[in-house]
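*Asks:*
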Amino acid sequence: MKDFDARWGRLVAAARQVPAAADVAAPYGFAVRVAARAWADDRPNLQAIFGRFAVRALWVACLLMLASVAVDYFSSKSGTQDEYANESLFDPVSEVLTASSS
Amino acid sequence: MADETFDLAACLDRVRQHDQVAARELVEHLYPLVIRIVRSHLPRRVAEEDLAQDIFLKMFTRLDQYKGAVAFTHWVSRIAVTTCIDQLRAQKRRPEFRWADLSEKEADVLDSVLTSEGDVAVNDGLAARELVYKLLGQLKPEDRLVLQLLDLEQHSVAEISARTGWNPSLVKVRAFRARGKLKKLFEELQRKERS
């Protein structure tokens, strides 16, 4: 490791001799562009708003669909029971038999 | 910072109220700090201005999170460093290091470092710098960063800790591991013949 450390040390010492780029001032218009974009995302984004409402609308549609299926299921079930209940009250065969026997 | 009279606290207050002029002043004030970090950790094929812009935009969006626990310049440095590391990570695969990829000068410098005990010639400084960047480019972004700050830029462990947010022990451990990886790379290069 010592051998490596010495080699690496010599290499980085040579690399350090090169001065870093002196030009560190912001290029013309850079600060204006960045400042303008800084709060651009704060403005209402139509796409994001549409996306959020679209998701909500999807949930509402799912709930409505489930509710309508449930209502339809229970109403058809109770409708069938009513139909049989009516049938038990009105028996056409017994009516005919009663009429013929009398 | 170039302008010692710059009132950072007052400028930050105005920036928090979405003052565009203050935002511009803040960008101009911090640009030298940010661009130095970007230049020393610039991933391949990424324009330095684009990366600097990303860093400033992150700074503005996270400004509400800055509570003053560390110096503002350190806070910005951390954003810059993590943005550069993220960019380097995004590039994922580092190409294999080969003698053939080095310029004639760089290969001479590497040859001299690997075979002789003498110092690298003064006029080979630029080639040495390019070579160092190429070698560091073989390391993981965090390892590359720590060696660059420690060995090339000669920052202290405490300074690196402040700049990166890593604790001093982590900085030392990362530097040790990074040197170990670099040592393996040196050994590998020594085994391979210069083509």
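Protein chains in written order, with the numbering used here: chain A, -17 to 84; chain B, 286 to 480.
For every residue, glycine included, the Cβ atom is placed at its ideal position computed from N, Cα and C.
All of these numbers come straight from a predicted model, not from anything done at the bench.
1. Can you give the beta carbon distance from residue 300 of chain B to residue 307 of chain B, rounded, assuming they're within the 8 Å contact cut?
2. Can you give me the C-alpha to C-alpha distance between residue 477 of chain B and residue 446 of chain B, rounded to a whole angstrom?
3. Against chain B, does residue -1 of chain A count as a neighbour if the rule is that its beta carbon must be under 8 Å from one of theirs?
4. Using a C-beta cutoff of 8 Å, does residue 51 of chain A count as contacting chain B?
5. Where does residue 327 of chain B sit, in a helix, a strand or coil, going by DSSP?
6. Between the alpha carbons of residue 11 of chain A and residue 31 of chain A, how many angstroms are there, rounded?
7. Can you find the residues in the same chain that come closer than 7 Å, C-beta to C-beta, to residue 358 of chain B, ignoring five residues on each side of it along the sequence?
8. Does residue 326 of chain B come within less than 8 Å of chain A when only Cβ atoms are used?
9. Just to make sure I have the definition right: I need the residues of chain A whose C-beta is within less than 9 Å of the C-beta of residue 305 of chain B. Which are they?
10. Note down, in chain order, every chain A residue with its Cβ under 8 Å from the Cβ of residue 459 of chain B.
11. What would DSSP say about residue 0 of chain A, mapped onto helix, strand or coil?
12. Short check: CB of residue 416 of chain B to CB of residue 391 of chain B, under 8 Å?
13. Within the 8 Å Cβ cut-off, does residue 40 of chain A reach chain B?
14. Quick check: is the beta carbon of residue 471 of chain B nearer than 8 Å to any beta carbon in chain A?
15. State yes or no: is the C-beta of residue 363 of chain B within less than 8 Å of the C-beta of residue 429 of chain B?
16. Could you tell me the alpha carbon to alpha carbon distance between residue 468 of chain B and residue 7 of chain A, rounded to whole angstroms?
*Replies:* On the basis of the data shown:
1. 5 Å
2. 37 Å
3. yes
4. no
5. coil
6. Cα-Cα distance, rounded: 31 Å.
7. 318
8. no
9. Residues of chain A passing the Cβ test: 14, 17, 18, 20 and 21.
10. Those within 8 Å of residue 459 of chain B in chain A number zero; the least Cβ separation is about 16 Å.
11. coil
12. In contact: residue 416 of chain B and residue 391 of chain B (Cβ atoms closer than 8 Å).
13. Not one chain B Cβ lies under 8 Å of residue 40 of chain A.
14. yes
15. Annotated as distal: residue 363 of chain B and residue 429 of chain B, with beta-carbon spacing of 8 Å or more.
16. 37 Å
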